[in-house]
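Counting from 1 along the sequence shown, just add 680 to a position and that's the residue number in our numbering.
Positions of the beta carbon are idealized from the N, C-alpha and C atoms, including for glycine.
The structure displayed is predicted, hence computed values, not measured ones.
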Amino acid sequence: MLLIVLVLYLCPVFQCQTEDTELSEDADFEEYTISEKDPNAAPLRIPRQVKLLLTKETKPHIQELSVQTTIISRYAFTAVSCSMLNRHSAATQGVFQFHIPTAAYISNFTMIVGGRVFPSQVKAKEKKMKKEGGENNGKKNKTAPEQSDGDMEVFRMEVTIPGRNRAVFLLTYEELLQRRLGRYDHVTSVRPMQLVSKLNVGVTIVEHSHITYLEVLPLRNGKTPSSNGNGKADGKVGPPVSTVVKQNETFCKISFTPNIAQQAKIATNGMLGEFVVRYDVEREIGIGEIQVLDGHFVHYFAPKDLPVVSKNVVFVIDTSASMVGTKMRQTKEALFTILRELRPNDHFNFVTFSNRIRVWQPGKLVPVTPNNIRDAKKFIYMISPTGGTDINGGIQTGSALLSDYLSSKEESHHNSVSLIIFLTDGRPTVGVVQSPVIIGNTKAAVQEKFCLFTIGMGDDVDYRLLERMSLENCGTMRRIPEDADANVMLKGFYDEIGTPLLSDIRVEYSEDAVEYITQNLFTNYFNGSELVVAGKLTNRSSDSLHVQVTAINSERSIVLEKDVSIHEREQETEKRLVEAEVGPNANGYVERLWGFLSVKDGLKERLRSQTSAERENHTQHAKNLSLAYNFLTPLTQMIVEKPEVLADGTLAETEKEAEAEATEAPSPAESSNQLLQDDNSLTPQSLQRNQPSKPISAVSKATGGVRKPAKKSVTLSKTSADGDPHFVVEVPHSKLTVCFNINGEPGHILRLVTDHKHSGVTVNGALIGAPAPTGSHKEQRTYFSTITIVADKPHRSYIEVTPQKVILDDRDRMILPTSSNISIETANLGVVIIANTNLTVTIQGTIQFVILFHHYKNPAPFQRDHLGFYIANSKGLSKDTHGLLGQFLYEDIGLAQLLGNVSMAGKNSTQETLETNSTLTSYPALKVKDRTVTVIKKSRRIYSGKQTVDCWFAKNNAAKLIDGQYDDYVVSHLFDTGDWANGTNTH
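Next comes the structure, spelled out in structure tokens:
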């Protein structure tokens, strides 16, 4: 077995798989269109039924695959990092491929090839975008990673990797988890197509309500259970091998890190399957749960313990010849099960369609009785597939049947829910075959009297037709892949909609307090589901939000009302996030959730539009939101620059890079304080990027590729905030070094530098807490977990830094790992990352900051991964700069010796005695403006302990040394650029 593992490890296949986002409506429904200079670099949305052909060529080895998800109140952020190594001397093709949920939106994709960064841009899709060429674009190959259901699609990118070089693929996507059957399922596809040296899947869940149920399912792979690595069937075991779960009431962290031997025991080809985390939370009684953050709110409504509303359901089933065999057998099995679960107050009927239409009980719906159930089973059993597919005829017959029944029984069925469940495995071939006509006929037949739920089975289905039919008639569409177990999936879908609890739900808020709310009218609420509404708050001064929910249940109309304190809800939301130490994903998650739902709503309304003007309005709205949040949707496209590899196997260089390299001169050192780059690491390659309005420059002019340079250095001043945090200030005018501590609170965000009015630069740092070491005089430690640098001139851009990643947004948004050597130059910012060491940020060529990464392999309880902040060059900052560090850049601080009496007599001595028995002594003090601050001499270690500096230390949280008080430097959020109030400390 060990020999097999080693052979597989040394002779890998090639792919690294990725999960995909949502698509719901365009003419090019089956793929994302990607424009670029080289069409072969296009990441494609591959149709669900299309499978990929694996070649037998030797491909790059996947060294590491990491898939990390943070779920904050059902909204999931997933970051995929895949590192491939080309071990050969010749360049070779690498393929990054990953399955993502169809309901998700990609928010970033970046490649790092040979140390050079190739970011992507999300732009508006042209109205008539031609599909790009290329040998892999749009080809329908016959073999592919096995897909368990219709909820996954494929993101794919090909790139040439130079010889003996590495490529890193970084993909992020976001999704709102949907509650089905009383649980949320988060699915991570783990199909790297080869054994991976370092495989890490992590899921972190942060909820405001208590987590009442949590389960990690056995690995799921299509309709056949996967092995968990112990040779037993999945039904007899728990989570996959190597899974670790840490949990408290509102937080849990789950990791899945199988080694190569464990992977091989599950699947020798790397097709491990889907890692599924299932959970649910406690429900608030009444109007539900409301969360507020950064001027936005989200409202979750999922009442329970309500009486079931009776239903009137017509099943319209395709019995054409293509349904013969397994499809029809599994459909019959599912219908038999559904019949057993109909409730006594329900009414039902069956319609079958092929070349001809058959109705089981013409002209009526029948109640649920033992005899009717028996006769219905006989009807189902006798179904024999034959002929073509008359979709229009089946829908018209079923709609007329249900409509006539409701008209004749209008009073007695006032509080019931009516629906059609329509199933087909093909496209219309008989009768009306034009999709627009079928859609129009369906809408006219339904007349908003009931809902239509559509189900497609297999590969030969017009899913866009089914989706439009359901969306325009208050239903949903579900896909069943060709190889899936239709019995299980049909039964599961029916279970989701088979227990209606409420109908005609309307959720309303104070008109003067909110704007731009997402869908707030819902036809039905089914048991085990959840209604979600999000919106923007308009009146920030108002502290109250009035919420009203109206609905109809089985007995009467109900009204739920409540006044919610906005301030209290926001404080509660922030507190939960701080306690969970979520990190940068927490910033603006409610706003991004609102943007996500707003795009979904816009795309749905676009489908429902009756006029071209209405359609264009919804299209533009959804497109603008997609661009604002960098979402890859059916209305946007991803533009990717692809590296060019020369004949000698090295990377080509752009003309701008060549010019910059030829003219670049080393800047003179401003001090002797330097951090040396590791001699063994590769120099990050520079990437010059044009303005977004221009196309990304093609990689052209040749160069010698990646090379090992001499040691490079980063020049620093001593002015810094590092460690616990310890502040050090180098006062240029006085040639003094001053130091102080700030004992902050975890969750507080401190203003370090602010020059917003002049240079446009602001630096903020978020504190994270840790217990103090045993015997320490402190109750707790605090460190900087996140630092943001905002540059508002000449246009707004920002950098958000954590110990693990760097988010750079200068019109284009990139997410970069701190574990790689990277160099990027944009119009406004220059960024250089030295792997696992530091980040240098240059703004407008005259302002430079350095951020150190502090990582712990085996941290003690009082240690946390954190950041250190250093000011390397402050020439571009104005004399009005402020902040905990910024205020000292141009300050004139003097050192004085103050005289004091030290008495050698008793306290009852006379004045004459004191004068003769006391000694005059002096003690040091700093003169800051009109304030005097006593100090003592101390030593501080900076630059990760590489240097020791002597400094004058001010006690008591820098009282009198800094302007104002500690609270004056605490800001509301990481991107707060409010100006310093110019207060002074008069103590």
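Distance between residue j and residue i (C-alpha atoms, nearest Å)
| i | j | result |
| --- | --- | --- |
| I940 | Y1196 | 50 Å |
| K1280 | N1297 | 14 Å |
| L1430 | N928 | 29 Å |
| R958 | E887 | 14 Å |
| N1233 | E1210 | 16 Å |
| A1124 | T782 | 30 Å |
| G1275 | M837 | 27 Å |
| I1037 | F1102 | 14 Å |
| Y1536 | T1017 | 55 Å |
| G1268 | N1029 | 49 Å |
| A784 | L1146 | 20 Å |
| C1631 | K1618 | 5 Å |
| S1190 | V1213 | 14 Å |
| L1705 | L1132 | Residue numbering for the chain in the displayed model covers 681 to 1667; residue 1705 lies beyond these limits and cannot be assessed. |
| V1433 | D1560 | 11 Å |
| V961 | E1571 | 54 Å |
| A1080 | T1104 | 19 Å |
| Q1484 | V925 | 21 Å |
Buried/exposed call for residue i, threshold 16 Cβ in 10 Å
| i | result |
| --- | --- |
| N1051 | exposed |
| S753 | buried |
| N1117 | Going by the sequence as given, residue 1117 is Val instead of Asn. Exposed, since its Cβ has fewer than 16 Cβ neighbours within 10 Å. |
| P938 | buried |
| E812 | Any reading at E812 is ruled out, since the residue's pLDDT is 38, under 50, leaving its predicted position unreliable. |
| V1239 | exposed |
| Q942 | buried |
| M1003 | buried |
| S1439 | buried |
| T1302 | According to the sequence shown, residue 1302 is Ala rather than Thr. By the neighbour-count rule (16 or more Cβ atoms within 10 Å), A1302 is buried. |
| G882 | buried |
| T1069 | buried |
| N1636 | exposed |
| Q1669 | A question about residue 1669 goes unanswered here, because the residues of the chain that appear run from 681 up to 1667. |
Top-ranked residue by Cα proximity to residue i, from the options
| i | options | result |
| --- | --- | --- |
| F1202 | K1216, P1180, S1222 | P1180 |
| A1401 | P1497, P1539, I965, S1465 | S1465 |
| V747 | Q1300, H1562, P872, E1241 | P872 |
| F757 | E833, I1495, I1100 | I1495 |
| K1058 | I1531, F1102, E1013 | E1013 |
| G1658 | T1104, V956, H1436, P983 | H1436 |
| V996 | I1071, N1035, G1067 | I1071 |
| P983 | G1155, F936, Y1205 | Y1205 |
| L1019 | V1441, N1423, Y1174 | Y1174 |
| Y893 | N880, P920, D865 | D865 |
| L875 | V848, R844, G950, D831 | G950 |
| S1096 | I1119, G1178, L1145 | G1178 |
| H741 | T750, T1198, Q773 | Q773 |
| R1493 | L1312, T1522, N1423 | L1312 |
| S1624 | G1563, D1545, A1638 | D1545 |
| G1548 | F1407, F955, G1510, E954 | F1407 |
| C762 | V1650, Q743, G966, G794 | Q743 |
Sub-9 Å separation of residue i and residue j beta-carbons
| i | j | result |
| --- | --- | --- |
| F931 | T868 | no |
| T1506 | L1488 | yes |
| T1077 | V1112 | no |
| M1318 | I934 | no |
| L745 | L899 | no |
| A1576 | V1418 | no |
| D1643 | Q1567 | yes |
| P987 | E1235 | yes |
| L1557 | L1273 | no |
Checklist entry - Are three or more beta carbon pairs between the region 1153-1169 and the region 1126-1141 nearer than 8 Å? => result yes
Checklist entry - Touching or not, the region 1163-1172 and the region 992-1011, by the rule of three or more beta carbon pairs under 8 Å? => result yes
Checklist entry - Touch check for the region 969-976 and the region 1250-1257: three-plus C-beta pairs under 8 Å? => result yes
Checklist entry - Counting pairs of beta carbons, one from the region 1511-1521 and one from the region 1492-1500, are three or more of them closer than 8 Å? => result yes
Checklist entry - Should the region 985-992 be called in touch with the region 1020-1038, which here means at least 3 C-beta pairs below 8 Å? => result yes
Checklist entry - Would you call the region 1472-1489 and the region 1448-1455 in contact, with 3 or more CB pairs under 8 Å? => result no
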